[in-house]
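The end of the sequence shown is residue 66 by our numbering, with every number in the run present. Below: the structure, in structure tokens.
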Amino acid sequence: MKATHLILYTADQAASAAFYAKVLGLAPRLDVPGMTEFALPGGAVLGLMPIAGIRRLLGAALPDPA
């Protein structure tokens, strides 16, 4: 099985986007409030979403991973 879309949940979307842009040497293909995406070689996509976004999607019952 081949992973094609990975989402990392982050406390600071802008800082994470800047970090991955520098590390990957890529500009995001999408950078809007709530989601940043990088198109990776081989067709995979790396998405960055604020942790608050997943809480809105899944609700308050989501356990805190910390």
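The C-beta atom is built at its ideal place from N, Cα and C for all residues, glycine as well. If you're wondering where the values come from, they're calculated on a predicted model, not measured in any experiment.
Excluding five sequence neighbours on each side, which residues of the same chain lie with their C-beta closer than 7 Å to the C-beta of residue i?
i   : result
L40 : L46
I7  : G47, M49
Let's see if you can read the secondary structure: which residues bound the beta strand (DSSP E) around residue i?
i   : result
A39 : 35 to 39
L48 : 45 to 50
L24 : Segment 13 to 24 is the alpha helix (DSSP H) holding L24; no beta strand (DSSP E) there.
T4  : Looking at the DSSP string, T4 is not in any beta strand (DSSP E), and its letter there is neither H nor E.
Just to confirm my understanding: we take residue i, look at its own chain, exclude 5 residues before and 5 after, and list those with CB closer than 6 Å. What are they?
i   : result
P50 : Q13
Who pairs with residue i in a beta bridge, going by DSSP?
i   : result
L30 : E37
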